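Our numbering applies: residue 398 is where the sequence shown begins, and numbers increase by one.
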Amino acid sequence: MLSFTGRGREEVVVEAFTLGAAGYVLKGGEAKSQFIELYHKIIEIIDSLETKEALLASEIKYRNLFETIPDAVFVADPITRKLIDCNQQAEKLIGKTYYDITKMNADDLHPHDRIKKTMEAFNVHASGKIFVYESEILTTNNERIPVSISSNIIETNDGSYLLGIFRDISEQKNAENELIRSHNLYQSIFEISSSAICIFGEDTIMKRVNSQFERITGFTKEEVEGKMSWTNHIPNVELQRLLELHKQRRIDPESVPKVYETKFINKQGIEVDILLSIDLIPGTRDSITALEETTQ
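And the structure:
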């Protein structure tokens with residue numbers, strides 16, 4: 398709205414601005430000058446409105462993008478660490494409302510024992526360095542959720558802020574823990590087996606052996622693993638047969654026996670009769686074999 402008022406009518410101008418006027422032009426004087434002034438005022442108002450509309454459109458676009466990010470996003474003051482904004486995923490992640498979150502500091506997001514290290518990473522992020530840091534976030538129910546945090550400085554008309562993206566990595570951590578448990582279980586079974594166990598590749602090099610293998614053959618793990626071929630310890634009369642079985646097993650595993658007797662030359666050079674159980678490890682071209690000494 399543009400107010401066109403007479404001189405000396407200040408109360409009209411004040412009321413016009415109260416009602417939302419964007420400017421005013423005083424009546425009186427040369428008509429041509431009045432129209433020129435009026436024209437420029439109108440142009441100023443149009444430009445101002447276009448700028449406001451552009452800012453509003455930009456803000457709506459930013460907010461839509463902000464809310465569609467699938468991860469939790471927190472925006473903090475890099476100096477005070479006060480949280481000034483967040484998206485809906487952030488509310489969902491920690492179980493707090495936007496109102497509650499924007500009364501918190503970044504420190505409040507984390508369990509007490511993780512604050513020191515996480516805030517050290519916060520300060521590095523605030524310096525402009527971009528990297529991913531793993532920590533934990535504390536929910537309203539005191540549940541600890543593992544997260545990866547990546548941050549970046551954003552510049553606004555109000556100043557600089559740190560935008561942090563928090564990704565819930567619970568599934569990844571559960572998978573890693575399950576892998577560790579499986580590995581430990583496999584390692585326990587591998588070591589406590591009463592049979593000598595050896596894993597070797599298509600190239601015949603022995604990759605892993607257990608303690609019982611060391612006892613039966615006399616060779617240590619350090620001497621064997623990644624260095625020694627089983628072919629060097631099979632008598633010549635048996636070697637060709639075992640090599641053919643080794644090759645055929647990788648062509649058609651079901652066409653070769655999984656259990657058979659043979660001989661092994663131990664570290665003392667003595668031929669030892671053994672019962673050998675062997676198969677391919679699923680999904681690989683490696684073999685796993687169990688050896689039991691049958692020599693009395």
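Note that the Cβ used here is the ideal one computed from N, Cα and C, for glycine as well.
Note that this is a predicted model, so its numbers are computed, not measured.
By the 16-neighbour rule on beta-carbons within 10 angstroms, Lys644 is exposed.
Closest option to Gln609, judged by alpha-carbon separation, among Leu535, Ile671, Ser590, Leu480: Ser590.
Contact annotation, Leu490 with Ala469: C-beta distance approximately 4 Å; criterion of less than 8 Å satisfied. Within the same chain, Cβ atoms closer than 6 Å to the Cβ of Cys595 are found at Met603, Val606, Phe610, Thr686, the five residues on either side in sequence being excluded. In the assembly as shown, Arg646 is a buried residue. Its beta-carbon has 16 or more other beta-carbons within 10 Å. Taking Glu689 as the centre and dropping the five residues before and after it, the same chain places the C-beta of Ser592, Ile671, Leu672 closer than 7 Å to its C-beta, in chain order.
Around the CB of Gln486, 16 or more other CB atoms lie within 10 Å, so the residue is classed as buried. For Asn549, same chain residues with a beta-carbon under 7 Å away, outside a window of 5 residues either side, are Ile527, Leu560 in chain order. Boundaries of the beta strand (DSSP E) around Phe597: 593 to 597. Ranked by how close their Cα comes to the Cα of Ile481, the residues Gly492, Asn502, Glu464 have Asn502 in first place. Straight-line spacing of the CA atoms in Val634 and Tyr657 works out to 15 Å. Glu668 places its beta carbon less than 7 Å from that of Lys660.
Per DSSP, the unbroken beta strand (DSSP E) holding Ala687 starts and ends at 684 to 690. Here the alpha carbons of Phe597 and Met625 stand approximately 10 Å from one another. With a cutoff of 7 Å on beta-carbon distance, Ser547 and Ile566 are scored as not near each other. Inclusion of Leu576 and Ile534 in the CB contact set at 7 Å is not warranted, their separation being larger than that value.
Its chain contains Ser626, Trp627, Thr628 as the residues whose beta carbon lies nearer than 6 Å to that of Thr601, once the 5 sequence neighbours on both sides are disregarded; these appear in chain order. For Ile498, the enclosing alpha helix (DSSP H) covers residues 495 to 498. Spatial neighbours of Ile662 in its own chain (CB-CB distance under 6 Å, excluding positions within 5 residues in sequence) are listed in chain order as His630, Glu668. Secondary structure note for Lys660: its beta strand (DSSP E) is the uninterrupted segment 656 to 662. Pairing Glu568 with Ser545 gives a Cβ-Cβ distance that is not under 7 Å. Counting the other Cβ atoms within 10 Å of the Cβ of Ala572 gives fewer than 16, which makes it exposed.
Ranked by how close their Cα comes to the Cα of Gly556, the residues Thr477, Glu488, Met516, Ser579 have Thr477 in first place.
Rounded to the nearest angstrom, the gap between the Cα atoms of Gly615 and Arg682 is 27 Å. Where Met516 is concerned, the enclosing alpha helix (DSSP H) starts and stops at 509 to 523.
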